[in-house]
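For the sequence shown, position 114 matches number 113 in numbering that gives the first Met the number 0, and the numbering has no gaps at all. Working notes, beginning with the structure itself.
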Amino acid sequence: MHIDGWTILLQAVNFLILVWLLRRFLYRPVLAVIAERQAVTEQVRTEAEAARQAAETARRDLEAQRTALPAERDRLIAAARAEAEAERTALLEKARTEADRALEESRGRLAEEREQALAALRRQAAELGAALAARLLRDAPADVLTRPLLDEALAAVEGLSDARRHALANGVAPVPVHVVAANSLPAEDATRAGDRLAAALGRPVALDVVEDSSLIAGVELHFAHSVVRRSWKQTLAEAKEEMTRHDSARVDADAVA
């Protein structure tokens, strides 16, 4: 077989031209496509690995949450029970305090109402006693009550100091004395009263005797600027006033206590 050198040379040149053409127009684009696809593949692989790791992390977090869920649930239940118990205790204490305050207020009102009722009963009893005493005293004979009280009134004038008796006389003669008696004053009692007053005042007196049944029993000696009272009207009024003052003082003392 005859081998031509020029043919081999031409074949070699053709081959080199073909290689150059393939390298320039086919191999480089293919390499570029392959490199691009490798880059895309690497990116996808990287993203897939990141997604896998994220999924693994999420799985571990969910597992941890699932594991911690019963403990958290128990903690929340215990906290809710403790809060409910504290609220129940506070409500009970508040209700107990309000009940005690209401009971104390009720006791105070009852005590006040009782004291008011007792005071009203005492006043009524005093008024009734005064009314009964006045009725009994009005029915008593004049010489039994009026005469002793007249003597007490005269004795009171006689027991005054000289200056006080001089003031009663008021520097006039005869001294006007207005005698108010619960009953009609007998003439001898009026005369005796005038004599004693004249002796006590050191000058004559002019008696003016008037009957006033409201005195119940007793007399009043009215001078120019003074009055000497000895009557059961005054005594009963003082007794009623004393009982009223005693009740008021007792109520005030109870209120302070």
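Cβ atoms here follow ideal geometry from the backbone N, Cα and C, with glycine treated the same way. Remember, it's a predicted structure, so these values are computed and weren't measured experimentally.
Asked	Found
Cα-Cα separation, His221 to Gly193	13 Å
Backbone CA spacing between Gln10 and Thr40 [nearest angstrom]	41 Å
Nearest-angstrom Cα separation, counted from Glu114 out to Arg106	12 Å
As assigned by DSSP and simplified to three states, the class of Leu184	coil
CB contact flag (Ser230, Leu148, <9 Å)	yes
Where Asn182 falls, given that 16 or more other Cβ within 10 Å makes a residue buried	buried
Burial state of Val176, where buried means 16 or more other Cβ atoms lie within 10 Å	buried
Residue interval of the alpha helix (DSSP H) (run including Ala168)	Asp161 to Ala168
Segments of 4+ residues assigned as alpha helix (DSSP H) that fall wholly inside the region 56-113	none
Rounded C-alpha distance that separates Ala254 from Arg108	With a pLDDT of 43 at Ala254, under the threshold of 50, the predicted position of this residue should be treated as unreliable, though the coordinate-derived value follows. If you take the alpha carbons of Ala254 and Arg108, they lie about 11 Å apart.
Cβ distance (whole Å) where Arg202 is taken to contact Val179 below 8 Å	Actually they are not in contact, since the Cβ atoms of Arg202 and Val179 sit about 22 Å apart, beyond 8 Å.
Beta-bridge partners of Asp207, as assigned by DSSP	His177
Leu200 and Leu153 closer than 9 Å at C-beta	no
Identified DSSP bridge partners for Arg229	Val218
Helix, strand or coil at Asp150 according to DSSP, with G and I counted as helix	helix
Limits of the alpha helix (DSSP H) - the one that Ala11 falls within	Gly4 to Leu21
Beta-carbon gap between Val227 and Thr145 smaller than 9 Å	no
Local conformation of Gly193 per DSSP, three classes	helix
Presumed contact (8 Å Cβ cut-off) between Arg191 and Glu157, rounded CB distance	Actually they are not in contact, since the Cβ atoms of Arg191 and Glu157 sit about 13 Å apart, beyond 8 Å.
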